[in-house]
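Contents: one structure, followed by commentary.
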Amino acid sequence: MAAFSSKKIGEETRELSSLVTELFSWSLDDIFNHDLYKTKVTKIPETFSSVDQYLNSFRNPLLEETRADLSSNMKNLYPAPKCKIVSVEKHKDYKTPTNLIYKMVLSDADSDSDTDTETDGKSKKDAYNYKPQSSDLIAFSDVRPEHVKDFTRISYIPAIILNVEDDTTKPYFVEVITSKPIMVERQKGSRQRLISNLSNKERLISNPLFGVYLINMTTNLRIWRALSGTKNANIIKGVLLANSQIGNDCELCSQQEAELMLSNGLELDSFGLNESQLHAVLNSIATSSCDHKNSVKLIWGPPGTGKTKTIGVLLSALLKLKCKTLTCAPTNTAVVEVTTRLMSIVKPTLESNNHGLGDIVISGNAERMKINDKDHDLRHVFLDYRCRKLGKCFGQKGWGFQLRSMIILLEETYEQYILNQETEKESDEINNSSEEVLIQEFRKSLKQRFHPIKKSMKESIVSICSHMPTSFVSTTLVNKMYTTLNLLKDFQILLQNGSFSSQEIKEIFSTGEIIDFSDTTTSASLFCTIRIECLESLRSLEECMLPCYLMDEASIKDFCLQNACLIFCTASSSANLSEIVGLKLVVVDEAAQLKECESAIPLQLPDVQHAILIGDELQLPAMVQSKISENAGFGRSLFERLASLKHDKHLLNVQYRMHPSISAFPNEQFYNRQILDASNVKQRSYSKKFLQGSMYGPFSFVNISYGKEEFNDKHSLKNLVEVAVISEIIENLYKDTIANGYTLSVGVISPYKAQVYALVDKLGNKFKAHSNFSVSVRSVDGFQGAEEDIIIMSTVRSNANGSVGFLSNHQRTNVALTRARYCLWVFGNGRTLMDSDSVWSKLVCSAKDRGCYFNVDEDKMLSKVATDASMTRLASLSLGERNNRSSSRQKKTQGFWCSSSKKKW
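Counting from 627, one number per residue, gives the positions in the sequence shown under our numbering.
Next comes the structure, spelled out in structure tokens:
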């Protein structure tokens, strides 16, 4: 096994010790005890008296959230990724009782199994192919673990993976830190057994030994570290109190917007921004230039108001101003989206050959960001790809070596060639060859050596111009490089195809100066001139101060990040930027979806003076697993807290997505009628008719009174009558799309996972093969940030007491009702929703007032589908009841009654 970095190990154990120690102290009963932190978790305040109180208020909710996440994943280990432990040995830094660090070799758990049984959408074989990642929490078992009880056979021993030596090859060599001392003894036939020291008792377990993935701790560990101390507390101090002035404009800088635009050539008119967007950009630019105070600005971006476009224009202006800025978001998807928007603005403005992209870098996991595709738009600004390219440029045979090799080659004279040949061959062989033959051999040798060097130089020049920051590679240098490349190309053409006499070749390569060929051919004179020009151009490039030396991967990454102007990554992974200097501004996209404690990671980076938070607190916040943490306000964002404290929010007030009939209700209900409809959505062409009938206008509520809500085996609700009706409508939309040859995207939303699964099962894969018709079925949470031509909403709830549960959540409702461009069709039980005393009661009333309320019976085909589905459901229930009664009688007769386990897990 290759050696690991002991420094890395020491740093990780020191940094992770307090959170990991707490996690390692939990027994299985603790993990499944929902009240473990109930008395320790208190409501997170809206204001704070000190930085310590601020940071400490998130620690216990984070512990409880970690416990709840772990508990949830442990409930079903069957599909969890698993591996086989091939070998275990103590690391050289192993030290009891805290640094229980081991080196392990992990292989696929299915190495001796051919099974690939399907389970929860993943094959069993997939579950047995585990790719370990740093900060994965795993546990051990002497059988392939499929239930939490499998851990109890050798005692529950959690471990965290500290490092993976090479995550691209198998088996995987990893470092782990464990909660208890362990050792594997090798027996005959390479069998092993695990010795676990538990309460001073040794338990011997025979081969094999398995590990199962439980959760990844990366984000929680980074948050914990941010809560454990502050390197830069200026912004944190500013957001503590309700009367904070951190959101106010600096009086000295607020009047400089116009001056900034003029002095830096910022022409924002060409982007077509509306007044609110332009003001947001200008105000943010003024903020970025301020050195007098710290600030946190809020840009409020309701659905469809061009939030991403505004960020893109702002970042392009900051790029031009060379303002070092970190842009982050809660998820990889959001980071990719905002970077893509910036690139669409920047790339058309590049002068030549992608020069300028070196000032932009996106950092993250290529697989999660889906930037593996060689044609992906973001590949040229992706940090890992950039490091590979620059590593090749500045390696041992990189740019410096190539440049020197080409100069030596072109400087070589015919006489030097003959001398070199004499040292390599017998002198008689040289003497017996005619000069004509030797000259032709010289030319042939030149051709063979020239091409590979020139090809390598071209690759390096393309990489340097695309990936080096403009502070190192100016436009002048780029032009000089490509001029040199063109000269070399001309030289190669003449070398390959030029018609020269042997005497001319001899004379051209007899000196380093231009020769007068007035008595011979013009092409010989041109060839001689181009050779000398190539040498002069190459020598001038050699004088340029580029880092033409060997750099390892870590130093290349540091070089790229230190010298980039715009850096993109998730808020969590911004923890890796703690050594980057000069980051003055942090822009947080989707800021209302980012837990406040997670935003503490980028806001504490050294040198950060300003933060611009862009989001909408009236849409869904961050997901929280634990009800205790959720009730404590753990999912609340900094954006939402500051908004609740009446900090100024700059509203983007024009929406470009929804037909006015769709935007009317959310605008009135959630935004106090502050949002204007843009001219594009008010045009006649925006009113599209996809199906015949008044039911299928821009907005409609369709009442399905005889659908029934029912639980699935995971205690989530579904309504099969709504499933049948929606499936019929999608089928009709598909037929119309194919018949009329237009492109259509349909989104089907439901707040309940059981309904999502039921719809996916009903629709199957029949529409996936058609590029001009797409159907996306997701939960409300999964649709945040997305939009489709048509949105079909299935509310599911259908009961006599007006119970709608978490459907009444305003943020969830707002997201569901604002995803559609042209048509929004809501299906549900009108009476149930009317009686709910919730926002849905208001929606049904609004639909009635506007003449957009319909009964499913008004469409004969839908009426038949709904009736048939209802009858099928009743028949299925009757059959199920008879089977249940029969099964109960059998069990009583055969004495199969047994009490349920008292164990919580």
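Glycine included, every Cβ here is placed at the ideal spot set by N, Cα and C.
Contiguous alpha helix (DSSP H) assignments of at least 4 residues, all confined to the stretch 1003 to 1027 = 1009 to 1019
query = Tell me which same chain residues have a C-beta within less than 6 Å of the C-beta of H918, skipping the five on either side of it?
reply = C876, L878
ask   = Using a Cβ-Cβ distance under 7 Å, would S767 count as near chain C?
value = No chain C appears in the structure shown, which is made up of a single protein chain.
query = Does DSSP classify S1532 as helix, strand or coil?
reply = Residue 1532 is absent from the structure shown; the chain starts at 627 and stops at 1531.
query = Under the three-state reduction of DSSP, which class applies to H1276: helix, strand or coil?
reply = Shown here, H1276 sits in a strand according to DSSP, grouped into three states.
task = Look up I783 in the DSSP assignment and say whether it is helix, strand or coil.
result = coil
request  = Look at M624 and Q1028 and say whether their C-beta atoms are less than 7 Å apart.
outcome  = Any answer about residue 624 is impossible in this case: the structure gives the chain only from 627 up to 1531.
ask   = For T1519, which residues from the same chain have a beta carbon less than 6 Å from its beta carbon, with the 5 sequence-adjacent residues on both sides left out?
value = With a pLDDT of 39 at T1519, under the threshold of 50, the modelled position of this residue cannot be trusted, and the question is left open.
ask   = Per the contact definition of three or more C-beta pairs closer than 8 Å, is the stretch 1060 to 1080 in contact with the stretch 1121 to 1140?
value = The stretch 1121 to 1140 vs the stretch 1060 to 1080: in contact.
query = Grouping DSSP H, G and I as helix and E and B as strand, with all else coil, what is Y839?
reply = strand
query = With respect to 6 Å, is the separation between the Cβ of L1064 and the closest non-hydrogen atom of the ligand SAM below this value?
reply = Ligands displayed in this structure: none; no statement on the ligand SAM is therefore possible.
inquiry  = According to DSSP, simplified to helix, strand and coil, what is F1135?
reply    = coil
query = Given a threshold of 16 other Cβ atoms within 10 Å of its Cβ, counted over all protein chains shown, does L1614 qualify as buried or as exposed?
reply = Lying outside 627 to 1531, the shown extent of the chain, residue 1614 is not represented and no answer is given.
request  = Evaluate T668 with the Cβ neighbour count: other Cβ atoms within 10 Å of its Cβ, from every protein chain shown; 16 or more gives buried, anything less gives exposed.
outcome  = exposed
query = By Cβ distance below 7 Å, which residues in the same chain neighbour S902 in space, the five residues on each side in sequence not counted?
reply = Counting only Cβ-Cβ distances below 7 Å, and skipping sequence neighbours, we find L1277, L1278, N1279, V1280.
key: With 16 other Cβ atoms within 10 Å as the buried cut-off, status of D661   = exposed
inquiry  = So, for R1157: in the same chain, excluding its five sequence neighbours on each side, which residues have a beta-carbon less than 7 Å away from its beta-carbon?
reply    = Listed in chain order, the non-local C-beta contacts of R1157 below 7 Å within the same chain comprise L1036, F1117, I1134, local neighbours out to five positions each way being set aside.
request  = Using a threshold of 7 Å, state whether the C-beta atoms of A1384 and I1417 are closer than that.
outcome  = no
request  = Note down, in chain order, each residue of its chain lying with its Cβ closer than 7 Å to the Cβ of I1352, except the 5 sequence neighbours on either side.
outcome  = V1374, L1385, I1418, S1420, F1453
query = Tell me which same chain residues have a C-beta within less than 8 Å of the C-beta of E1179, skipping the five on either side of it?
reply = C1013, G1017
task = State the Cα-Cα distance for the pair R1267 and L645, rounded to the nearest angstrom.
result = 26 Å
key: Spatial distance of V865 from V802 (CA atoms)   = 38 Å
key: Proximity of L944 and T934 at Cβ, strictly below 7 Å   = no
request  = Tell me I1238's beta-bridge partners as DSSP assigns them.
outcome  = The partner list for I1238 (beta bridge, DSSP) reads K923, V1213.
query = Residues in its own chain within less than 8 Å of P1095 by CB, not counting five upstream and five downstream?
reply = G984, D985, C1186, N1189, A1190, C1191
request  = For the stretch 1068 to 1075 and the stretch 1099 to 1112, state whether three or more C-beta atom pairs, one from each stretch, are separated by less than 8 Å.
outcome  = Contact check between the stretch 1068 to 1075 and the stretch 1099 to 1112: fewer than three CB pairs, one atom from each, fall below 8 Å, which does not count as touching.
ask   = How would you call P723, buried or exposed, if buried means at least 16 neighbouring beta carbons within 10 angstroms?
value = exposed
request  = Would you give the residue range spanned by the beta strand (DSSP E) that K716 belongs to?
outcome  = 708 to 716
inquiry  = Nearest by alpha-carbon distance to S1472: which of Y1378, P1292, T1444 is it?
reply    = Checked all of Y1378, P1292, T1444; the closest Cα to S1472 is P1292.
request  = Measure the Cβ-Cβ separation of N1440 and Q1245 and say whether it is below 7 Å.
outcome  = Yes, the pair counts as a contact, with Cβ atoms nearer than the cut-off.
query = Got a sec, what are the start and stop residues for the beta strand (DSSP E) L1450 sits in?
reply = 1446 to 1454
task = Using alpha carbons as the reference points, say which of D1215, A1201, I1079 lies closest to S936.
result = Residue identity differs from the one stated: residue 936 is Thr in this sequence, not Ser. The candidate whose alpha carbon is nearest that of T936 is D1215.
key: Residue range of the unbroken alpha helix (DSSP H) whose run includes A1218   = Where A1218 is concerned, there is no enclosing alpha helix (DSSP H), given that its DSSP letter is neither H nor E.
key: Closest by C-alpha distance to T835, when choosing among N900, S767, P797, T845   = Here residue 835 turns out to be Leu, not Thr, going by the sequence shown. Selected option, being the one with the closest Cα: S767.
request  = Take the Cβ of Y1368 as the centre, count every other Cβ of all protein chains shown within 10 Å, and call the residue buried at 16 or more, exposed below.
outcome  = exposed
message = Bridge partners for R1299 per DSSP, in chain order?
response = None, per the DSSP bridge assignment.
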